[in-house]
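The structure appears right after this line, and notes come after that.
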Amino acid sequence: MAAGSAYRQERRPRSFYALAVFFALFVVFLYGPVVTILTLSFQGPSGGLTFPMNGFSFYWFERLWGGGGTVDIGTAFRRSLALGSTVMVLTVVISVLAGLAFRRKFVGSTPLFYVAIASLIVPSIVVSLGIALEFRIVDDVFRPILSSIGLVSRRGNSLGLFTSGLGAHLSWTLPFGLLIMFAVFNRLDKSYEEAARDLGASNFQSFRYVILPMIAPFLIGIALFGFTLSWDEIARSSQTMGSTNTLPLELAALTTTVTTPEIYALGTSVTAVSFTVIFGTLAAFILLQRRRQRRALAD
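Residue numbers in the sequence shown follow this note's numbering, run continuously in steps of one, and reach 311 at the last position.
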(Lines of atoms letter the chains of each structure in order from A; the text may use other names.)
(Lines give C-alpha, C1' and ligand atoms only; values in the text may rest on other atoms or scores of the structure.)
Protein backbone atom coordinates (compact mmCIF):
# COMPACT_ATOMS: atom_id res chain seq x y z
CA MET A 13 0.00 0.00 0.00
CA ALA A 14 2.78 2.38 0.96
CA ALA A 15 4.79 1.41 -2.13
CA GLY A 16 1.82 2.16 -4.40
CA SER A 17 1.33 5.52 -2.72
CA ALA A 18 5.02 6.39 -3.18
CA TYR A 19 4.80 5.40 -6.87
CA ARG A 20 1.83 7.71 -7.37
CA GLN A 21 3.71 10.56 -5.72
CA GLU A 22 6.74 10.10 -7.99
CA ARG A 23 4.73 10.36 -11.21
CA ARG A 24 5.47 13.50 -13.18
CA PRO A 25 2.71 16.11 -13.32
CA ARG A 26 0.98 17.03 -16.55
CA SER A 27 2.80 20.35 -16.59
CA PHE A 28 6.07 18.46 -17.13
CA TYR A 29 4.82 16.98 -20.39
CA ALA A 30 3.41 20.31 -21.50
CA LEU A 31 6.76 22.00 -20.89
CA ALA A 32 8.59 19.13 -22.62
CA VAL A 33 6.42 19.60 -25.72
CA PHE A 34 7.05 23.34 -25.61
CA PHE A 35 10.81 22.79 -25.37
CA ALA A 36 10.72 20.32 -28.28
CA LEU A 37 8.86 22.88 -30.41
CA PHE A 38 11.43 25.50 -29.42
CA VAL A 39 14.29 23.23 -30.54
CA VAL A 40 12.53 22.58 -33.86
CA PHE A 41 11.98 26.31 -34.34
CA LEU A 42 15.63 27.04 -33.49
CA TYR A 43 17.33 24.37 -35.58
CA GLY A 44 14.67 23.63 -38.19
CA PRO A 45 15.91 26.31 -40.64
CA VAL A 46 19.49 25.03 -40.36
CA VAL A 47 18.42 21.45 -41.03
CA THR A 48 16.32 22.63 -43.98
CA ILE A 49 19.25 24.48 -45.56
CA LEU A 50 21.61 21.56 -44.98
CA THR A 51 19.13 19.18 -46.59
CA LEU A 52 18.28 21.30 -49.64
CA SER A 53 21.94 21.96 -50.39
CA PHE A 54 22.38 18.31 -51.41
CA GLN A 55 19.83 18.39 -54.22
CA GLY A 56 20.45 17.25 -57.76
CA PRO A 57 21.13 19.57 -60.74
CA SER A 58 17.41 20.17 -61.26
CA GLY A 59 16.76 20.97 -57.61
CA GLY A 60 14.97 24.07 -56.40
CA LEU A 61 14.73 26.16 -53.26
CA THR A 62 11.80 24.28 -51.73
CA PHE A 63 10.78 20.74 -50.94
CA PRO A 64 10.46 18.09 -52.24
CA MET A 65 14.08 17.43 -53.13
CA ASN A 66 14.93 16.53 -56.72
CA GLY A 67 17.55 13.86 -56.29
CA PHE A 68 20.64 13.77 -54.10
CA SER A 69 24.11 14.88 -55.18
CA PHE A 70 27.01 17.22 -54.47
CA TYR A 71 26.37 19.14 -57.68
CA TRP A 72 25.83 22.54 -56.07
CA PHE A 73 28.94 22.20 -53.92
CA GLU A 74 30.99 21.28 -56.98
CA ARG A 75 29.55 24.22 -58.86
CA LEU A 76 30.20 26.59 -55.96
CA TRP A 77 33.75 25.50 -55.14
CA GLY A 78 34.70 24.75 -58.72
CA GLY A 79 34.20 28.33 -59.83
CA GLY A 80 31.14 27.54 -61.91
CA GLY A 81 28.84 29.61 -59.73
CA THR A 82 28.20 33.31 -59.51
CA VAL A 83 30.44 33.78 -56.46
CA ASP A 84 34.21 33.59 -56.14
CA ILE A 85 33.85 31.41 -53.10
CA GLY A 86 37.55 30.60 -52.73
CA THR A 87 38.65 34.22 -52.49
CA ALA A 88 35.80 35.18 -50.16
CA PHE A 89 36.53 32.15 -47.97
CA ARG A 90 40.21 33.05 -47.62
CA ARG A 91 39.32 36.65 -46.80
CA SER A 92 36.89 35.67 -44.06
CA LEU A 93 39.27 33.06 -42.66
CA ALA A 94 42.19 35.51 -42.54
CA LEU A 95 40.08 38.27 -41.02
CA GLY A 96 38.42 35.95 -38.49
CA SER A 97 41.78 34.53 -37.38
CA THR A 98 43.27 38.01 -36.99
CA VAL A 99 40.26 39.24 -35.03
CA MET A 100 40.42 36.14 -32.83
CA VAL A 101 44.07 36.68 -31.90
CA LEU A 102 43.68 40.42 -31.31
CA THR A 103 40.54 39.91 -29.24
CA VAL A 104 42.30 37.45 -26.93
CA VAL A 105 45.46 39.54 -26.55
CA ILE A 106 43.71 42.89 -26.01
CA SER A 107 41.16 41.38 -23.63
CA VAL A 108 43.88 39.82 -21.46
CA LEU A 109 45.93 43.01 -21.38
CA ALA A 110 42.85 45.08 -20.55
CA GLY A 111 41.84 42.64 -17.83
CA LEU A 112 45.29 42.88 -16.26
CA ALA A 113 45.19 46.67 -16.45
CA PHE A 114 41.78 46.96 -14.82
CA ARG A 115 42.88 44.87 -11.86
CA ARG A 116 44.48 48.04 -10.59
CA LYS A 117 42.36 51.13 -10.23
CA PHE A 118 43.41 54.14 -12.26
CA VAL A 119 41.93 57.52 -13.04
CA GLY A 120 39.15 57.27 -15.60
CA SER A 121 38.81 53.49 -15.43
CA THR A 122 35.03 53.55 -15.00
CA PRO A 123 34.28 55.89 -17.97
CA LEU A 124 36.77 53.92 -20.08
CA PHE A 125 34.94 50.68 -19.25
CA TYR A 126 31.60 52.07 -20.38
CA VAL A 127 33.13 53.46 -23.54
CA ALA A 128 34.68 50.07 -24.32
CA ILE A 129 31.34 48.25 -24.16
CA ALA A 130 29.24 51.03 -25.68
CA SER A 131 29.34 49.41 -29.13
CA LEU A 132 27.16 46.60 -27.78
CA ILE A 133 24.37 49.13 -27.26
CA VAL A 134 24.75 51.27 -30.39
CA PRO A 135 23.15 49.68 -33.50
CA SER A 136 25.68 47.89 -35.68
CA ILE A 137 24.83 49.84 -38.80
CA VAL A 138 25.48 53.13 -36.98
CA VAL A 139 28.85 51.89 -35.70
CA SER A 140 29.87 50.73 -39.17
CA LEU A 141 28.89 54.05 -40.74
CA GLY A 142 30.92 55.91 -38.12
CA ILE A 143 33.97 53.72 -38.70
CA ALA A 144 33.67 54.16 -42.47
CA LEU A 145 33.48 57.93 -42.09
CA GLU A 146 36.45 57.90 -39.71
CA PHE A 147 38.66 56.04 -42.18
CA ARG A 148 37.58 58.28 -45.04
CA ILE A 149 38.71 61.28 -42.99
CA VAL A 150 41.99 59.52 -42.23
CA ASP A 151 42.44 58.94 -45.95
CA ASP A 152 41.81 62.57 -46.78
CA VAL A 153 44.34 63.76 -44.20
CA PHE A 154 47.19 61.24 -44.40
CA ARG A 155 47.04 59.71 -47.88
CA PRO A 156 48.48 62.75 -49.74
CA ILE A 157 51.36 62.91 -47.25
CA LEU A 158 52.11 59.20 -47.36
CA SER A 159 51.77 58.93 -51.13
CA SER A 160 54.20 61.80 -51.60
CA ILE A 161 56.94 59.73 -49.96
CA GLY A 162 55.90 56.52 -51.71
CA LEU A 163 54.41 54.63 -48.77
CA VAL A 164 50.93 54.16 -50.21
CA SER A 165 49.29 54.20 -53.60
CA ARG A 166 47.41 57.27 -54.73
CA ARG A 167 44.49 55.02 -55.66
CA GLY A 168 42.04 53.43 -53.28
CA ASN A 169 41.29 54.16 -49.63
CA SER A 170 41.38 52.57 -46.19
CA LEU A 171 38.04 50.82 -46.53
CA GLY A 172 39.31 47.28 -46.71
CA LEU A 173 39.86 43.98 -44.98
CA PHE A 174 42.56 44.85 -42.44
CA THR A 175 41.83 48.55 -41.94
CA SER A 176 38.26 49.71 -41.42
CA GLY A 177 36.96 46.14 -41.70
CA LEU A 178 39.24 44.95 -38.91
CA GLY A 179 38.25 47.92 -36.77
CA ALA A 180 34.56 47.24 -37.31
CA HIS A 181 34.86 43.60 -36.30
CA LEU A 182 36.95 44.40 -33.23
CA SER A 183 34.30 46.88 -32.12
CA TRP A 184 31.93 43.89 -32.02
CA THR A 185 34.16 41.18 -30.53
CA LEU A 186 36.23 43.11 -28.00
CA PRO A 187 33.35 44.04 -25.63
CA PHE A 188 32.52 40.34 -25.19
CA GLY A 189 36.16 39.51 -24.51
CA LEU A 190 36.52 42.39 -22.07
CA LEU A 191 33.42 41.43 -20.10
CA ILE A 192 34.61 37.83 -19.81
CA MET A 193 38.10 38.80 -18.68
CA PHE A 194 36.81 41.36 -16.17
CA ALA A 195 34.60 38.68 -14.62
CA VAL A 196 37.48 36.18 -14.56
CA PHE A 197 40.01 38.52 -12.98
CA ASN A 198 37.50 39.77 -10.41
CA ARG A 199 37.16 36.19 -9.13
CA LEU A 200 40.84 35.32 -9.40
CA ASP A 201 42.49 34.88 -6.01
CA LYS A 202 45.54 37.14 -5.81
CA SER A 203 47.12 34.97 -3.15
CA TYR A 204 48.43 32.63 -5.87
CA GLU A 205 50.42 35.46 -7.44
CA GLU A 206 51.65 36.61 -4.05
CA ALA A 207 52.85 33.09 -3.28
CA ALA A 208 54.69 32.95 -6.61
CA ARG A 209 56.41 36.27 -5.90
CA ASP A 210 57.35 35.10 -2.40
CA LEU A 211 59.08 32.16 -4.08
CA GLY A 212 61.11 34.54 -6.25
CA ALA A 213 59.05 34.63 -9.45
CA SER A 214 59.06 37.80 -11.51
CA ASN A 215 55.88 39.45 -12.74
CA PHE A 216 56.20 37.75 -16.11
CA GLN A 217 56.90 34.35 -14.53
CA SER A 218 53.93 34.81 -12.23
CA PHE A 219 51.71 35.50 -15.23
CA ARG A 220 53.21 32.74 -17.38
CA TYR A 221 53.17 29.91 -14.85
CA VAL A 222 50.35 30.90 -12.48
CA ILE A 223 47.76 33.18 -14.06
CA LEU A 224 47.83 31.96 -17.65
CA PRO A 225 47.10 28.28 -16.85
CA MET A 226 44.22 29.35 -14.63
CA ILE A 227 42.56 31.57 -17.24
CA ALA A 228 43.36 29.36 -20.25
CA PRO A 229 39.83 27.85 -20.51
CA PHE A 230 38.33 31.33 -20.63
CA LEU A 231 40.78 32.40 -23.31
CA ILE A 232 39.52 29.53 -25.46
CA GLY A 233 35.99 30.85 -24.99
CA ILE A 234 37.06 34.36 -25.98
CA ALA A 235 38.83 32.97 -29.04
CA LEU A 236 35.65 31.18 -30.09
CA PHE A 237 33.64 34.34 -29.58
CA GLY A 238 36.13 36.37 -31.60
CA PHE A 239 36.30 34.02 -34.57
CA THR A 240 32.64 33.09 -34.86
CA LEU A 241 31.38 36.65 -34.42
CA SER A 242 33.80 37.90 -37.07
CA TRP A 243 33.15 34.95 -39.39
CA ASP A 244 29.38 35.58 -39.44
CA GLU A 245 29.40 39.39 -39.23
CA ILE A 246 27.59 41.23 -42.00
CA ALA A 247 26.02 44.42 -40.59
CA ARG A 248 29.32 46.03 -39.61
CA SER A 249 31.08 44.70 -42.70
CA SER A 250 28.58 46.12 -45.17
CA GLN A 251 29.73 49.71 -44.73
CA THR A 252 33.43 49.24 -44.02
CA MET A 253 34.79 46.69 -46.50
CA GLY A 254 34.63 48.82 -49.63
CA SER A 255 34.83 46.53 -52.65
CA THR A 256 36.32 43.66 -50.62
CA ASN A 257 33.60 41.15 -49.90
CA THR A 258 33.80 38.59 -47.13
CA LEU A 259 31.92 35.29 -47.17
CA PRO A 260 28.78 36.62 -45.38
CA LEU A 261 28.63 39.56 -47.80
CA GLU A 262 28.83 37.17 -50.73
CA LEU A 263 26.06 35.14 -49.15
CA ALA A 264 23.91 38.25 -48.79
CA ALA A 265 24.56 39.12 -52.43
CA LEU A 266 23.41 35.66 -53.48
CA THR A 267 20.05 36.14 -51.78
CA THR A 268 19.21 38.91 -54.24
CA THR A 269 20.83 37.58 -57.42
CA VAL A 270 20.58 33.78 -57.37
CA THR A 271 17.55 31.49 -57.06
CA THR A 272 19.27 28.10 -57.01
CA PRO A 273 20.42 25.75 -54.21
CA GLU A 274 23.90 27.23 -54.67
CA ILE A 275 22.99 29.64 -51.88
CA TYR A 276 22.17 26.68 -49.62
CA ALA A 277 25.49 25.06 -50.49
CA LEU A 278 27.27 28.25 -49.45
CA GLY A 279 25.26 28.39 -46.21
CA THR A 280 26.17 24.78 -45.48
CA SER A 281 29.86 25.53 -46.11
CA VAL A 282 29.80 28.53 -43.76
CA THR A 283 28.05 26.49 -41.05
CA ALA A 284 30.53 23.64 -41.46
CA VAL A 285 33.49 25.96 -40.91
CA SER A 286 31.88 27.43 -37.79
CA PHE A 287 31.21 24.01 -36.28
CA THR A 288 34.69 22.81 -37.23
CA VAL A 289 36.31 25.71 -35.38
CA ILE A 290 34.07 25.28 -32.35
CA PHE A 291 34.46 21.52 -31.95
CA GLY A 292 38.14 21.63 -32.91
CA THR A 293 38.81 24.17 -30.19
CA LEU A 294 36.83 22.18 -27.64
CA ALA A 295 38.74 19.04 -28.57
CA ALA A 296 42.05 20.87 -28.13
CA PHE A 297 40.90 22.10 -24.73
CA ILE A 298 39.94 18.57 -23.63
CA LEU A 299 43.33 17.25 -24.74
CA LEU A 300 45.12 19.99 -22.80
CA GLN A 301 43.06 19.21 -19.72
CA ARG A 302 43.89 15.51 -19.94
CA ARG A 303 47.58 16.27 -20.43
CA ARG A 304 47.53 18.51 -17.39
CA GLN A 305 45.86 15.80 -15.32
CA ARG A 306 48.45 13.23 -16.41
CA ARG A 307 51.26 15.60 -15.43
CA ALA A 308 49.62 16.20 -12.06
CA LEU A 309 49.34 12.47 -11.43
CA ALA A 310 52.97 11.95 -12.51
CA ASP A 311 54.18 14.62 -10.11
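Glycine included, every Cβ here is placed at the ideal spot set by N, Cα and C.
Short Cβ contact (7 Å threshold) for GLY86 with PRO273: no
Please determine whether the Cβ atom of ALA128 lies at a distance below 6 Å from any heavy atom of the ligand NAD. For the ligand NAD, the structure offers nothing, since it holds no ligand at all.
Suppose the cutoff is 8 Å on Cβ atoms and the five residues either side in sequence are ignored; what does the same chain contact list for VAL108 look like? MET193, ILE227, LEU231
Take ARG91 and list the residues in its own chain whose beta-carbon comes closer than 8 Å to its own, dropping the five residues that flank it on each side. LEU173, THR256, ASN257, THR258, LEU259
With distances taken from CA atoms, which of GLN55, PRO64, SER286 is nearest PHE70? GLN55
For the candidate residues ARG24, SER170, GLY142, whose alpha-carbon lies nearest to that of PHE154? SER170
Is it right to say PRO187 is buried, meaning 16 or more other beta carbons lie within 10 angstroms of its own, or is it exposed? buried
CA-to-CA distance, SER121 to LEU132, given in whole angstroms: 18 Å
Counting only the same chain and skipping the five closest in sequence on each side, list residues whose C-beta sits under 7 Å from that of ALA144. LEU171, SER176, GLN251, THR252
Residue burial classification, ILE157 (beta-carbon count within 10 angstroms, cutoff 16): exposed
Residues in the same chain with beta-carbon distance under 6 Å from LEU200, minus the five sequence neighbours each way, listed in chain order, please. none
Alpha carbon of GLU146 to alpha carbon of THR185, nearest angstrom: 19 Å
Can the beta-carbon of GLY189 be found closer than 7 Å to that of THR288? no
Please confirm whether ALA284 and LEU76 have their CB atoms less than 7 Å apart. no
Could you tell me whether any Cβ in chain B is nearer than 7 Å to the Cβ of PRO273? Here chain B cannot be found, since the structure has a single protein chain.
Alpha carbon of THR267 to alpha carbon of ARG302, nearest angstrom: 45 Å
Tell me which residues share the same chain as ILE49 and place their Cβ nearer than 6 Å to its Cβ, disregarding the 5 neighbours each side in the sequence. TYR276, GLY279
In three-state DSSP terms, what is PHE35? helix
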